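A.B. asks: Residues in the sequence shown are numbered consecutively from 628, following the numbering used here.
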Amino acid sequence: MIHLVQNGTGGSIHCHGTAKLNNYPGLCQLTQTALKGFLAQKFKNENDCSDTTELDQDIEADQQAADTVCQYVDWLSTVNPNLPDEDMWIRPEVHPCQRSHDIPKHEKQSD
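#1: Leaving aside the five residues before and after alanine 661 along the sequence, list all residues of the same chain whose C-beta is less than 7 angstroms from its C-beta, in chain order.
#2: Run the CB neighbour count on isoleucine 730, radius 10 Å, all protein chains shown included, and call it buried at 16 or more, exposed below.
#3: Measuring only the C-alpha atoms, how far is histidine 733 from aspartate 683?
#4: Where does tyrosine 699 fall in DSSP's three states?
#5: Under the rule that 16 or more other beta-carbon atoms within 10 Å means buried, what is glycine 653, buried or exposed?
#6: Can you give the Cα-Cα distance for leucine 611 and leucine 666, rounded to whole angstroms?
#7: Taking the straight line between their C-alpha atoms, what separation do you get for threonine 679 and lysine 671?
#8: Leaving out the 5 sequence neighbours to the left and right, which residues in its chain are closer than 6 angstroms to glutamine 668 when beta-carbon positions are compared?
#9: With distances taken Cα to Cα, identify the nearest neighbour of tyrosine 651 among Gly664, Asn674 and Val700.
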């Protein structure tokens, strides 16, 4: 399940709704894989290991999982290219969270 969140003006994050997209890669599992690989790399760095085959597999899986998470988050993110501290700040006439998004019936899932 994806939580559609936005950073507010004061920096507070708030949720506008939830949706599970067809291209959802399973972020919970991917982040667990990435954490396991991160910890494997840390263990390998801090210890003298004779056989690192399993650690190396976890580290490789970590890289793949982390790349997938980052690519998906980048795909989900929408950013105003003109930051508020620049003189080019543009306020959209209709905020993206206020737009009507018609989801085709065949893409809706019933729970």
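We treat Cβ as the ideally placed atom computed from N, Cα and C, and that holds for glycine.
Since this is a predicted model, take the numbers as computed values, not measurements.
C.D. replies: Taking the definition as stated:
#1: Asp689, Ala692, Ala693 and Val696
#2: exposed
#3: 42 angstroms
#4: helix
#5: exposed
#6: Limits of the chain in this structure are 628 at one end and 738 at the other, which puts residue 611 out of reach.
#7: 8 angstroms
#8: Ile686
#9: Val700
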